[in-house]
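Residue numbers (the numbering used here): 7 to 194.
Written out as structure tokens, the structure is:
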């Protein structure tokens with residue numbers, strides 16, 4: 007197995023024909039829960055497609071799941087530094103900035119990048135950040151703001167991404183210097 011072709015793929019667990027089921031018999035740690043029924047799973051890039059890394063692949067590579075995830079994240083970070091992933095900053099109607107990454111099937115997986123927080127906090131001039139991954143080809147980072155502002159961003163994203171081919175979640179994640187965590191809003 008060529009470890010340079012292993013990436014962390016973020017997916018919703020077992021929900022629809024394009025989603026990854028959590029298979030029985032996988033070693034513990036292969037599927038990392040991120041919250042909101044979203045998981046990171048190592049996949050092998052086949053060029054036009056990908057497949058889940060299998061236990062036999064781990065054995066062949068002589069790695070445990072934690073080491074494989076670290077290698078996959080390193081590969082993703084290298085990919086994200088190049089031109090394959092398009093990066094832009096936009097203004098929303100309330101006047102605050104939003105970071106939008108797009109253009110590659112691994113974009114949503116970038117929510118786990120170790121340096122994403124530092125980049126986003128500097129770009130958006132705040133240390134309280136939200137991430138939305140409505141589909142695998144999009145990632146939005148924006149200021150956490152108030153509940154009303156988060157609901158406004160959800161509405162904008164939902165309006166533009168309702169027909170997404172590879173949906174993941176409408177739920178939001180908080181990104182801080184301590185890492186990623188799901189945001190659980192109280193009912194409005």
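Every residue, glycine too, gets a C-beta built ideally from N, C-alpha and C.
| Check | Outcome |
| --- | --- |
| Classification of residue 115 by the beta-carbon crowding that lies within 10 angstroms, buried from 16 upward | buried |
| Proximity to residue 88 [Cα-Cα], best of 97, 107, 100 and 96 | 107 |
| From 39, 35, 132 and 168, residue whose alpha carbon lies closest to that of residue 59 | 35 |
| Cβ-based burial, residue 143 [other Cβ within 10 Å; buried from 16] | buried |
| Cβ distance (whole Å) where residue 71 is taken to contact residue 82 below 8 Å | Not really, about 16 Å apart at Cβ, beyond 8 Å. |
| Beta-carbon proximity list for residue 134, same chain, < 7 Å, skipping 5 on both sides | 149 and 150 |
| Three-pair Cβ contact test at 8 Å for the region 120-133 versus the region 167-178 | no |
| Alpha-carbon spacing of residue 137 relative to residue 10, whole angstroms | 27 Å |
| When 53, 105, 96 and 18 are compared against residue 45, the one with the closest alpha-carbon | 18 |
| CA-to-CA distance, residue 110 to residue 16, given in whole angstroms | 13 Å |
| Residues near residue 156 by beta carbon distance below 8 Å, same chain, minus five either side | 136, 150, 178, 189 and 191 |
| Supposed contact pair residue 51 and residue 13 - C-beta distance, whole angstroms, cut 8 Å | 6 Å |
| Pick from 171, 139 and 163 that is closest to residue 181, judged by C-alpha positions | 139 |
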